[in-house]
Amino acid sequence: MKDGQTQFIQGTFELLILRTLIYGPAHGHAIAKHIQDSSETLRIETGSLYPALHRLEAQGLVRPAWRLSDKGKRAKYYELTAAGKRHLTAEQSRWDQFVRAIGRVLQPAESE
Amino acid sequence: MPHVRWLLYRLRNIWHRQVRESDLDAELRFHLDAEAEEQMAAGLPADRARQAARRSLGNLALAKEDARAVWSWGPVERLFQDVRYAIRVLARQRAFTATSLATIVLIVGGTTAVFTLVNAVLLRPLPYPASGRLAIIQAQDPRGQTTLSYADVQTLQGQLSSFEAWGLYRGPGYAGILDENSDHPLPIQDMRITPELFPLLGLRVVLGRPLAPDDATDANPDVAVIGHDLWLTRFGGTPDVLGKSFEFRPGRTVTVVGVAAPGADVPGNWISRPIVWHLIRASERSSSNMRFTVLARLKAARPISAAKAEIAARPPLTDPNGGVNRRVDATPLLDHVVGDSRRVLWVFFGAVMCVLLIGVANLASLQLVRNAGRERELGLRSALGASRWRLIRQLLVESVLLGVVGGAGGLLAASSVVGFVTSMLPANFPRADQIGLDRSVWLFAALVSALVGVTIGIIPALRSIQPRLMERLNEGAGSATLSHRRARIQRGLIAFETAAALVLLVGASLLVNSFGRLMTEDAGMLERDLWVVRGALPMRYRSPADSDFWSSAVRIVRQLPDVESAALVLNDGGPLDGGDIRRAGIVPEGQSAAQGRGLSLSHRNVGDGYFRTLGIPILAGRPILDTDAAGTEGVVVLNQAAAAALWPGEDPLGKRLTGAGKLRVVGVVPDFKLTRLDGEVSLQMYTSIRQQPTLAQMSTIMLRARPGSRSIPDQTKAILLNLEKEMSQVDVLTMPQVRWKLLVSERFRTAVLLVFAGTATFLALVGIFGLVSYAVAQRRREIGLRVALGATYPQVVSLMLRQALVPTILGIVVGTFGALAAGRLLTAFLFGVQPTDPVTFATAIGLFFCAAFVAALFPALRSFRIDPAVALRHE
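Taken in order, these protein sequences are the chains called A and B. Note that the first sequence covers residues 55 to 166 in the working numbering. Note that the second sequence covers residues 773 to 1647 in the working numbering.
Here it is in structure tokens:
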């Protein structure tokens, strides 16, 4: 039970990372900034960002590459792989279903 | 598929860990820079921006470790890290590591060595197929366990359905093969068997054929299967051995029909001579006096208890000659072979387990002390984010590492000790030839090492669980509460060690005491200046007339200036040589031996002057004289016990007995100990060598020398070798030496237990020494304060002594009760000493306490060296 919960939360975080990378390769700092800015409320624990990135890398969903950042420093950029894109699409539709299902339970009146 | 990818990814990262590590650093550094720049852009000054960035990332080390966990081989990598760290720590604390390793080698080596014995003798099955189903069938008559006749076995076979196969044998008999070219016989043992014994024990022939039922005749030459070793050494290992004949006993020849597989032997045979197997003769089958060892195999899935019940339900065996009825019993073969050694080995095992526990207690207390010095390190590490589990794991890895290294050393030590112990074992120790290191020994050593490692790590590790972070970080040399708790554990350990060591010490003292009593037990002879001169003649002296050789040797020995008297005993090694020759079926003249009244007497064939030489008075009548020669009436001298058993309440002089020829009783000697020092005096009869010629190849001259004479050994040896230069096994011994040889089993178990007790005591003393040393060091400040406030040094020393002596006394009390309980296990091994013997107890306790006092006093005296001014300023 508890296990499922963490996985769900973790999965969501990784989903957000993958979603961010759809706009093109980005380094960790940029990813964190983007998620934080676009969600307006979510605070990213930097401590868990890098482990998550490395996990995605290990699963082959993102591919790392060292490039120069726009400020001219060497940075590790992450790029979506083909598998990553497929995973994102699948996870996104599953997330949508999940949200709808939760929504129906929480606000039954509206769905009528 | 994802699993394979995951595995490959990690495998790759093992090779590239340096690169990954620097990548991670660079990645995180970039993150910090980017964050800081952002903060600066928001208007913070550079240094504040940096700090803010740092804070936003949280615990950097932890973040790194989490990231690393993704791509590194998690548990395995961390284990490697811990091991590397442990090696560094242990290498730095050399004294601690050396002490711990030495202790572990000692206890793992000791326990493994004893386990090797227990395993080989008690646990490993006998080397026969389905050996668990083999049983030995014996009869019990009023005189004890006896073997069975062929007719008995046939009766039983018809009545019992529990057994599927039977096999009989008789032997081993000592014999030798005469070589045409040499006068030295090759010693062998002959074994008479039924043809079914080979299949029953799974013995095979590698050449020729096994013995068949119709080989059993009374013909000479007989046919035989010879042992593999004999085939190789004597017949060169060639196939043309088949059909060859050889003489193995004067006038007895066998023809070889087969060669047995290597190692073929009957159970529990400890004589290491090549075996000649031949069949029980037809005449031996029909005789009711010819008895055999009977083995049988239980049917599959039939427990021994069922067989016992079946045997108990049938009537006892009757004697066709009208003797006593005998009850039959079946014993599992292993139990029979191991016999009394079972108890000895379990006592050893218990003792070595005590040593093990003491060693572990010492190690644990050593660890406690050492970790006390590491409180700050551990506190610091946990403050820096190391989880509790991580710290416990670190401590466990350290101690298990010690356990593994020490255990390997212990196993090595055990393998050499086992060889030594095996060579010390009494010759008749069961299964001594099978002692060796096998897989279960390895497993045992590994298990003990691991257990020791975990146990000594777990106590300090559990202590480090306590989350008193600040207390730990603050703890200095003198501070209080934590060291108090630690000292309590340590004192508990000391009490425990003392108790265990005392149990062993009392046990060993009881055995030493008993051994001493056996060595000095009055056997009834005058043993001062009594010498035993033994020798063995070559094989060609094989006629009874050859005993003349000995008579002339005695005559020459008597001429020696230092010799007061000398006498012969033929075919025997002298009193207390460990052997016995018995004559069964002795009855007063006119009675039938078959009425179950026949007695079994120890019989010695002696010459003139035997009793005088031994210092045994003649109670009535006369001794054996030179005039008791062939052609005169056969005479016998009895000891009191034999006379009383044959003619209760009557004067035996002049009466006659039968069973060993017709003999007239001419004298009575007191009961003295002829065969063994403990137990009842046997019934004894002495005949004249001139009337009862016997084979005399191995014989003995008993000799009484002038007090203090030292030349006897050289002179007598010279005489014997001068008479026959091929004389072998010439041995000249004093009576204490004879006793020492006789008591080989007692000596062995006493020595082993003494070693264990010594080790245990030593370890316990080391523990006490360590406790006080530590207490003095730990309480420097307190001692300084006490002295500054007016305490005298003797007061301080006694304070420190109390640290150790209170738990020691507690341990002694507990140990005394333990020894009272454990002593009962030794009852069977004690002679003339009660297992509760107060003197032994008092001696052991006194010794231990004095040693403990000294062990505690030395470090306690060190508090003299504490200068209050220095101690108080120190912190």
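Glycine included, every Cβ here is placed at the ideal spot set by N, Cα and C.
Cβ-Cβ separation, Ala1054 (chain B) to Thr989 (chain B) (assumed contact under 8 Å), whole Å
Indeed, because the Cβ distance is near 6 Å, the residues count as touching under 8 Å.
Look up Lys125 (chain A) in the DSSP assignment and say whether it is helix, strand or coil.
coil
Note the first and the last residue of the continuous alpha helix (DSSP H) segment covering Leu1435 (chain B).
From DSSP, Leu1435 (chain B) is part of no alpha helix (DSSP H) but of the beta strand (DSSP E) over 1435-1441.
Stretch pair the stretch 1290-1297 of chain B + the stretch 1629-1637 of chain B: three plus CB contacts closer than 8 Å
no
Can you name, in chain order, every residue of its own chain whose Cβ lies under 7 Å from the Cβ of Pro1389 (chain B), other than the five neighbours on each side?
Pro1442
Hey, could you find the ends of the alpha helix (DSSP H) Gln1463 (chain B) is sitting in?
Note, Gln1463 (chain B): premise wrong, no alpha helix (DSSP H); not H, not E.
Does the Cβ of Leu1219 (chain B) have 16 or more other Cβ atoms within 10 Å, making it buried, or fewer, making it exposed?
exposed
Within chain A, the residues that Asp795 (chain B) reaches when beta carbons sit closer than 9 Å:
Pro118, Trp120, Lys130
On the three-state DSSP scale, how would you describe Gly1248 (chain B)?
Caution is warranted here: a pLDDT of 48 is assigned to Gly1248 (chain B), below 50, making its placement in the model unreliable, and the coordinate value is therefore given only provisionally. Gly1248 (chain B): coil per DSSP, three-state reduction.
What does Gly82 (chain A) reach in chain B if we use C-beta pairs closer than 9 Å?
Glu799, Leu800, Phe802, His803, Ala806
Closest by CA to Arg1099 (chain B), which one among B:Leu1105, B:Val1110, B:Ala1085?
Relative to the Cα of Arg1099 (chain B), the nearest Cα in the group B:Leu1105, B:Val1110, B:Ala1085 belongs to B:Ala1085.
Residues bridged to Met1474 (chain B) [DSSP beta-bridge criterion]
B:Val1304, B:Ala1339
Starting from the C-beta of Ala1249 (chain B), find all residues in its chain whose C-beta is less than 6 Å away, skip the five residues before and the five after it, and write them out in chain order.
Since pLDDT at Ala1249 (chain B) reaches only 43, below the 50 mark, its modelled position is unreliable, and the value read off the structure follows with that caveat. Taken in chain order, the list of residues that qualify is empty.
Can you pull the chain A neighbours of Ala839 (chain B), defined as C-beta to C-beta under 7 Å?
Tyr104, Pro105, His108
Three-state secondary structure assigned by DSSP to Asn1411 (chain B)
strand
Taking only the alpha-carbon atoms, compute the straight-line gap between Asp1318 (chain B) and Phe1620 (chain B) and give it to the nearest angstrom.
Asp1318 (chain B) and Phe1620 (chain B): Cα-Cα distance of roughly 60 Å.
Would you say Lys127 (chain A) lies against chain E (beta-carbon separation less than 8 Å)?
The structure shown contains no chain E; the protein chains it does contain are A and B.
Distance check for Gly1279 (chain B) and Ala1252 (chain B), CA to CA, integer angstroms please.
Model confidence at Ala1252 (chain B) stands at a pLDDT of 49, short of 50, so the residue's coordinates are unreliable and nothing is read from them.
Got a sec: does the ligand GTP put a non-hydrogen atom nearer than 7 Å to the Cβ of Arg1260 (chain B)?
The ligand GTP is absent from the structure shown, which contains no ligand whatsoever.
Express the C-alpha separation of Glu145 (chain A) and Leu69 (chain A) in angstroms, rounding to a whole number.
7 Å
Cβ of Leu834 (chain B) less than 8 Å from any chain A Cβ?
yes
At a Cβ threshold of 8 Å, is Leu70 (chain A) touching chain B?
no
Determine, using beta carbons only, whether Leu1652 (chain B) and Ala1416 (chain B) come nearer to each other than 8 Å.
What the structure shows of chain B is the stretch from 773 to 1647, and residue 1652 (chain B) is not part of that stretch, so it cannot be assessed.
Taking the alpha helix (DSSP H) that Glu1518 (chain B) falls in, what are its first and last residues?
1516-1550
What are the residues that DSSP puts in a beta bridge with Gln1575 (chain B)?
In the DSSP output, where bridge partners are listed per residue, Gln1575 (chain B) has none listed.
Where does Val153 (chain A) sit, in a helix, a strand or coil, going by DSSP?
helix
How many Å lie between Ala824 (chain B) and Leu1150 (chain B) at the Cα?
Looking at the backbone, the Cα of Ala824 (chain B) and that of Leu1150 (chain B) are separated by about 29 Å.
DSSP three-state label for Ala1402 (chain B), please.
coil
Residue nearest to Tyr1458 (chain B) in terms of C-alpha spacing, selected from B:Gln1412, B:Met1470, B:Val1502, B:Met1499
Nearest C-alpha to Tyr1458 (chain B): B:Gln1412.
CA nearest to the CA of Ala84 (chain A), picked from A:Gln151, A:Thr95, A:Tyr131, A:Arg154
A:Tyr131
By DSSP, does Ala902 (chain B) sit in helix, in strand, or in coil?
coil
Within 10 angstroms of the Cβ of Val1116 (chain B), are there 16 or more other Cβ atoms? Answer buried if so, exposed if not.
buried
Please tell me whether Pro967 (chain B) and Leu1067 (chain B) are closer than 8 Å, where the distance is taken between their beta carbons.
no
6 Å CB neighbourhood of Leu1449 (chain B) in its chain, flanking five on each side removed:
Only Leu1290, Glu1293 meet the Cβ criterion.
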